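Quick mapping for you: the protein sequence lines, in order, are chains E and U. Numbered continuously in UniProt numbering, the first sequence closes out at residue 195. Numbered continuously in UniProt numbering, the second sequence closes out at residue 302. Written below as structure tokens is the structure these notes are about.
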Amino acid sequence: MIDFARVQKELQECGKDVEGSGIRVAPKSDATLARLVGTIPGPIGTPYEGGVFQIDITLPDGYPFEPPKMQFSTKVWHPNISSQSGAICLDILKDQWSPALTLKTALLSVQALLSAPEPDDPQDAVVAKQYLKDYQTFISTARYWTETFAKTSSRGIEEKVQKLVEMGFPEAQARTTLESVGGDENLALEKLCSG
Amino acid sequence: MEDYFSDDDYYYSDRDSLDGLENEDSGPQWASKGPTSKVITKESLLAAQREDLRRVMELLSIRVHHARTLLIHYRWDVEKLFAVFVEKGKASLFAEAGVSIVEHQDLDVRPPQTVMCDICIEDLPSGETTKMDCGHCFCNNCWTEHFIVKINDGQSKRIKCMAHKCNAICDESVVRNLVSKTNPDLAEKFDRFLLESYIEDNKRVKWCPSTPHCGNAIRVEDDQFCEVECSCGVQFCFGCSLEAHSPCSCLMWELWVKKCRDESETVNWITVHTKPCPKCHKPVEKNGGCNLVSCICGQAFW
Ligand SMILES: [Zn+2]
Ligand SMILES: [Zn+2]
Ligand SMILES: [Zn+2]
Ligand SMILES: [Zn+2]
Ligand SMILES: [Zn+2]
Ligand SMILES: [Zn+2]
């Protein structure tokens, strides 16, 4: 009983403003709108700058009257995000959720969390401790993780497109699909096969 | 707690009587048990609750759902509520409890034909939408879905408006009306939750701990915890709801009982996996690695 009509409208609305916000939301596959992938650019002036972060979204049956479940699938070093599982500690994804919020506004809040960590309410105790006790090391670790896990060089994308073309998909379609899932080969392949 | 009310026949499903409090003359029928405590029977529960509601409605000239929201916030402590009113004034009393009584001057004489609901993103005839006290307006279908989720989630007593960051508590008559159209059973459950709140959120009232439950609750007249006796014959300590244990303190008695039952594993599990809510003191389960938890009473804490 997810309100799919609303989800559809949300996706359209979000798609109109990708240039402005950099926030993308796309279905994981064409089979259902209940599993989606969100993409947020790392905020400028933070150790996440230049990275593109993917977030797995699962809509509960009661959506939008219950909050969407969101979890980073890109590894990220942040006090309020588990470095192991990607679980996010954010009030609007819990008791402060309101049905008037959307996937896009929720992702914007996640992006804001990247800019403004709250180490006093940690999801990842190790990261939070480092943030409070050794801020410089925290910054360089977070930057290193961004470089390692959240950046796909343009050359990397070309290689992936090439690989998909070799598998028999049209180049343009391979490219747009890859872009829509933030450069994740496996997701792109899944999407192309189900589509 | 569901067990207490497995038989529904005692329950006043007469909805009009909840709204028409002014016409109700019979006060709570106390079965007196000593000078400091009173037994509230199933039958007198509604009357006892009404009495407190009426006092607040009369003093502040407000409607029943506002009075209830205030009383739930102040744990049915009428004196405390009045003290806050005198000390801080109406505005801050209301704001703290999430009551909004704002005059909405609709400048346009004719209401718009259609209203866009921000939740389902549909244009709807204004007749199919409802504006809450806070001024936020959404379609009836969306309100209904929201209420159903919140009632099933155990939040009947504090169902907030759907707008983000709006602290207003929804009008109980709107909740009752909309939910009963599609889920009459759930609407009754909602009413029952509101009724039970008089006992569960009331620091001076406690369920009698008898098993099987006799259906009664005990009200004490002062803050001093004491040993009380229910009309079913059970004697218990009002402080901890365990059997009467004077002169031993509640804490010592609790430890003793735990030791006797050798529930050390259960106790361990509770300390590792739950935290006591600072407001209502119920243990609340921690979820996942994050430390932010929220209690069904509405309190969020770390
Ligand atoms: Zn609606
Ligand atoms: Zn509101
Ligand atoms: Zn009893
Ligand atoms: Zn005791
Ligand atoms: Zn609580
Ligand atoms: Zn938290």
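Just so it is clear, CB atoms sit at the ideal spot from N, CA and C, and this is done for glycine as well. Since the structure is predicted, the reported quantities are computational estimates derived from the model, not experimental observations.
Neighbour-count burial assignment, residue i, 16 or more Cβ in a 10 Å radius
i, result
"Cys14 (chain E)", "buried"
"Ser26 (chain U)", "No answer about Ser26 (chain U) holds up, because its pLDDT of 43 lies below 50 and its placement is not dependable."
"Ala187 (chain U)", "buried"
"Asn216 (chain U)", "buried"
"Gly182 (chain E)", "buried"
"Ser17 (chain U)", "Note on Ser17 (chain U): pLDDT 40, under 50, position unreliable in the model; no value is reported."
"Pro212 (chain U)", "exposed"
"Thr102 (chain E)", "buried"
"Gln84 (chain E)", "exposed"
"Trp207 (chain U)", "buried"
"Asn23 (chain U)", "No answer about Asn23 (chain U) holds up, because its pLDDT of 40 lies below 50 and its placement is not dependable."
"Glu10 (chain E)", "buried"
"Asp191 (chain U)", "buried"
"Cys193 (chain E)", "exposed"
"Asn152 (chain U)", "exposed"
"Asp133 (chain U)", "buried"
"Gly127 (chain U)", "exposed"
"Ser44 (chain U)", "buried"
"Met57 (chain U)", "buried"
"Gln49 (chain U)", "buried"
"Ile44 (chain E)", "exposed"
"residue 199 (chain E)", "Nothing in the structure corresponds to residue 199 (chain E), since chain E is present only between 1 and 195."
"Gln123 (chain E)", "buried"
"Asp9 (chain U)", "In this prediction, Asp9 (chain U) has a pLDDT of 37, which is less than 50 and means its spatial position is unreliable; nothing more can be read from the coordinates."
Residue i Cβ short of 7 Å to ligand 3 heavy atom set
i, result
"His237 (chain U)", "Position check: residue 237 (chain U) holds Cys in this sequence, whereas His was assumed. Checking the Cβ of Cys237 (chain U) against ligand 3 gives no."
"Asn167 (chain U)", "no"
"Cys240 (chain U)", "no"
"Val234 (chain U)", "yes"
"Asn216 (chain U)", "yes"
"Ser37 (chain U)", "no"
"Ser61 (chain U)", "no"
"Ser73 (chain E)", "no"
heavy atom of ligand 2 below 7 Å from residue i C-beta
i, result
"Met116 (chain U)", "no"
"Cys134 (chain U)", "yes"
"Ala100 (chain E)", "no"
"Cys142 (chain U)", "no"
"Cys161 (chain U)", "yes"
heavy atom of ligand 4 below 7 Å from residue i C-beta
i, result
"His245 (chain U)", "yes"
"Cys170 (chain U)", "no"
"Cys250 (chain U)", "yes"
"Trp253 (chain U)", "yes"
Paired residues, beta bridge with residue i - DSSP
i, result
"Ala87 (chain E)", "E:Gln71"
"Gln54 (chain E)", "E:Thr39"
"Glu118 (chain E)", "Glu118 (chain E) is not bridged to any residue."
"Trp97 (chain E)", "BP columns for Trp97 (chain E) are empty, so no partner."
"Ala125 (chain E)", "Paired residues: none, contrary to the question."
"Val205 (chain U)", "U:Arg219"
"Lys275 (chain U)", "U:Val284"
"Pro27 (chain E)", "E:Leu36"
"His78 (chain E)", "E:Ile81"
"Gln235 (chain U)", "U:Glu229"
"Ser294 (chain U)", "U:Ala300"
"Thr114 (chain U)", "U:Pro125"
"Ile199 (chain U)", "According to DSSP, which records beta bridges pairwise, Ile199 (chain U) is partnered with nothing at all."
"Glu188 (chain U)", "Per DSSP, none; premise fails for Glu188 (chain U)."
Residue i Cβ short of 7 Å to ligand 1 heavy atom set
i, result
"Glu166 (chain E)", "no"
"Ile119 (chain U)", "yes"
"Cys139 (chain U)", "yes"
"residue 198 (chain E)", "Residue 198 (chain E) lies beyond the residue range present for chain E, which begins at 1 and ends at 195; the question has no answer from this structure."
"Glu122 (chain U)", "yes"
Check whether residue i and residue j have beta carbons under 8 Å apart
i, j, result
"Leu93 (chain E)", "Asn80 (chain E)", "no"
"Leu178 (chain E)", "Val165 (chain E)", "no"
"Val7 (chain E)", "Met70 (chain E)", "no"
"Trp97 (chain E)", "Pro67 (chain E)", "yes"
"His146 (chain U)", "Pro99 (chain E)", "yes"
"Ile121 (chain U)", "Ile62 (chain U)", "no"
"Cys250 (chain U)", "Gly239 (chain U)", "yes"
"residue 382 (chain U)", "Ser197 (chain U)", "This structure cannot settle anything about residue 382 (chain U), because the visible part of chain U is limited to 1 through 302."
"Met162 (chain U)", "Ile119 (chain U)", "yes"
"Ile2 (chain E)", "Tyr63 (chain E)", "yes"
"Val78 (chain U)", "Arg54 (chain U)", "no"
"Leu70 (chain U)", "Ala97 (chain U)", "yes"
"Phe138 (chain U)", "Cys117 (chain U)", "yes"
Cβ of residue i within 8 Å of any chain B Cβ
i, result
"Leu101 (chain E)", "The structure shown contains no chain B; its protein chains are E and U."
Worksheet item: Of all the alpha helix (DSSP H) runs that stay within the bounds of the UniProt domain "RING-type" (117-165) of chain U, which reach a length of 4 or more residues?
Response: 140-152
Item to complete: Within the stretch 147-194 of chain E, note down every full alpha helix (DSSP H) run reaching 4 residues or more, in order along the chain.
Response: 154-166, 171-180, 185-194
Item to complete: Can you check the stretch 55-92 of chain U for any beta strand (DSSP E) of at least 3 residues that lies completely inside it and give the ranges in chain order?
Response: none
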